[in-house]
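One structure is given below, encoded as structure tokens.
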Ligand code: UN1
């Protein structure tokens with residue numbers, strides 16, 4: 001749809017949404033940081049930023065809050081997260097719309113992101129009564145050994161533009177039930193949704209009661225320098241950072257230097273294998289969503305596809321048709337499936353990768369800019385690139401909708417190629433052959449943190465641990481036992497006998 005035919009006043013709409021969500025207008029007007037919507041490219045707000053001293057003061061306040069919050073029983077802490085989930089349910093439509101405006105997501109994906117927040121809140125509420133430690137058999141008579149999980153401290157959260165609210169909630173919901181306070185540095189490209197989340201949490205805190213200390217949740221608005229204050233601050237024992245591998249390479253060593261914990265969720269260069277027995281109709285739909293959904297701007301986006309030579313000519317022409325016919329356009333005024341890229345650098349990076357792919361022998365379908373009448377908005381047709389081999393840009397993550405397709409004949413070689421990239425986040429196999437499926441999931445199969453069968457690489461549920469290996473950073477967020485990263489473990493040995501036997505048979509009689 002041509003934006004010019006249906007003008008939207010996104011600045012006013014954004015202000016109205018933020019007001020409805022409880023954000024004070026002083027937080028998004030008159031400041032020096034401009035915020036743009038990728039939908040039209042226009043500036044929709046000006047945010048005041050935090051200085052380094054402001055950031056330090058917020059971290060100090062969060063540390064003071066932690067000291068009180070850790071004394072509140074975990075199930076009671078869970079009540080705060082339950083209320084947060086209720087507030088998110090009540091404000092789902094507004095927050096989802098704001099995500100669509102600020103990140104350019106189509107409505108169902110904007111709402112889906114808020115649903116992901118609600119889901120993790122539900123998970124964390126249950127978890128607040130299940131922060132279990134083990135009891136352990138001791139070798140000494142009259143002794144008991146167990147482990148206790150204690151709150152850790154201030155949890156720093158650094159998030160990316162592409163999941164501007166869900167990634168915060170994965171971390172914040174776990175941290176809050178774990179007894180931690182949170183300090184969030186959102187992407188400079190999506191600060192408004194962060195203000196909205198903070199306001200929603202504030203509503204939950206107001207309902208919760210006085211045993212939640214002031215300062216429990218903080219948001220830092222600003223650029224990289226503010227992120228650095230968070231990463232280097234001695235009162236922040238854990239930083240959970242989502243973003244590029246380049247960012248992780250800087251954050252990881254700085255945290256290691258002061259022995260702080262890192263949960264890193266960095267780039268992905270996710271692959272899929274389509275085997276001879278695959279249900280091709282199902283594979284087609286899964287590939288389309290995985291590769292084109294969210295305009296290719298998920299860390300879990302499908303970027304490399306290995307198709308067996310016996311089904312290549314059945315699947316790839318159908319895929320190309322889907323690429324040619326997919327609707328691209330303004331996600332707020334049309335029912336397009338593919339919205340905008342976040343900005344011009346993203347568009348330039350995509351075009352550069354496509355040029356490199358052509359130079360390496362690739363044959364490109366799609367990839368051209370789609371005109372919408374808004375000069376500062378970057379809409380593109382997703383690109384499918386048939387490659388003779390896995391070379392050049394195929395080995396890199398380009399944060400745009402490019403799917404590289406390669407033909408394979410030998411299954412072992414396909415697995416080896418699948419694993420022959422630096423990132424290790426998500427992966428899929430499409431097969432009805434149990435041996436192939438199980439091999440893909442086995443120790444010598446996919447080397448990723450997420451390995452799926454007959455579903456795509458993206459769109460994980462919150463119940464599983466989310467993250468990946470190698471240059472993806474090794475961190476795990478969200479479900480399963482990811483909560484353990486947000487707590488400290490104490491091993492306790494209690495002697496209820498009248499003797500003092502030493503372990504390992506050591507004697508030390510004085
Ligand atoms: C991300 O892109 O950083 O699995 C997170 C998915 C979503 C989360 C993506 N649940 O695609």
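Residue numbers (full-length UniProt numbering): 1 to 510. All residues carry an ideal CB built from backbone N, CA and C; glycine is no exception.
What residue ranges within the region 242-272 form continuous beta strand (DSSP E) runs of no fewer than 3 residues, ordered along the chain?
-> 261-265
Residue from 200, 74 and 464 whose Cα sits closest to the Cα of residue 482 = 464
Residue 471: beta carbon under 7 Å from a heavy atom of ligand 1?
-> no
So, residue 236 versus residue 156, is the Cβ gap smaller than 8 Å?
-> yes
Taking Cβ positions, are residue 518 and residue 159 nearer each other than 8 Å?
-> Because the chain spans 1 through 510 in this model, residue 518 falls outside it and cannot be assessed.
Nearest candidate by alpha-carbon position, reference residue 405, set 419, 388 and 420 = 388
Report the partner residues of residue 492 according to the DSSP bridge assignment.
-> 146
Distance cut-off 7 Å: residue 398 Cβ against heavy atoms of ligand 1 | no
Euclidean distance between Cα positions of residue 504 and residue 140 = 9 Å
Can you tell me whether residue 353 is buried or exposed, with buried defined as 16 or more other CB within 10 angstroms of its CB?
-> buried
Please classify residue 492: is it buried, with 16 or more other beta-carbons within 10 angstroms of its beta-carbon, or exposed?
-> exposed
Could you give the DSSP three-state label for residue 238: helix, strand or coil?
-> strand
What span of residues does the beta strand (DSSP E) with residue 511 cover, start to end?
-> The structure shown does not extend to residue 511, since the chain spans only 1 to 510, so no value can be given for it.
Going along the chain, which residues of its own chain have a beta-carbon closer than 6 Å to the beta-carbon of residue 198, five neighbours each way excluded?
-> 219
Tell me whether residue 4 sits in a helix, a strand or coil according to DSSP, three-state version.
-> Here residue 4 scores only 44 on pLDDT, less than 50, and its place in the model should not be relied on; the value that follows carries that caveat. Looking at residue 4 - three-state DSSP - the assignment turns out to be helix.
Out of 50, 450 and 300, point me to the one whose CA is closest to residue 228's CA.
-> 50
Selection from 14, 124, 233 and 91 that minimises the alpha carbon distance to residue 462 = 124
In chain order, what residues of the same chain lie with their CB nearer than 7 Å to the CB of residue 2, ignoring the 5 residues before and after it?
-> Reliability of the predicted coordinates at residue 2 is poor, the pLDDT of 42 falling under 50, and the value obtained from them is presented with this limitation in mind. Closer than 7 Å at Cβ, skipping near neighbours: 372 and 373.
Where residue 428 falls, given that 16 or more other Cβ within 10 Å makes a residue buried = buried
Spatially closest choice to residue 454 from 271, 329, 506 and 138, by CA coordinates | 271
Classify residue 130 as helix, strand or coil using the three-state DSSP reduction.
-> coil
Alpha carbon of residue 142 to alpha carbon of residue 136, nearest angstrom = 13 Å
Excluding the five sequence neighbours on either side, which residues of its own chain have a C-beta within less than 8 Å of the C-beta of residue 255, listed in chain order?
-> 231, 239, 261 and 262
Enumerate in chain order the residues of its own chain whose CB-to-CB distance from residue 258 is below 8 Å, with the five nearest sequence positions on each side excluded.
-> 232 and 234
What did DSSP end up calling residue 162 once you bin it into helix, strand or coil?
-> coil
CB of residue 116 to nearest heavy atom of ligand 1: below 7 Å?
-> yes
Kindly examine ligand 1 and report whether one of its heavy atoms sits closer than 7 Å to the Cβ of residue 458.
-> yes
Proximity to residue 190 [Cα-Cα], best of 447, 420, 44 and 276 = 44
Going by DSSP, name the residue or residues bridged to residue 419.
-> Paired residue(s): none; residue 419 is not in a bridge.
How long is the line joining the alpha carbons of residue 5 and residue 378, rounded to whole angstroms?
-> Low confidence applies to residue 5: its pLDDT is 43, below 50, so where it sits in the model is not reliable, and the reading given next is rough at best. Distance between the alpha carbons of residue 5 and residue 378 is about 17 Å.
Identify every residue that forms a DSSP beta bridge with residue 140.
-> Paired residues: none, contrary to the question.
Could I get the ranges of all uninterrupted beta strand (DSSP E) runs contained in the region 461-509, with 3 residues as the minimum, in chain order?
-> 487-495
Measuring CA to CA, which of 180, 369 and 450 is closest to residue 338?
-> 369
Backbone secondary structure at residue 223 - three-state DSSP = coil
Under the three-state reduction of DSSP, which class applies to residue 181: helix, strand or coil?
-> strand
Per DSSP, which one or two residues make a beta bridge with residue 407?
-> 307
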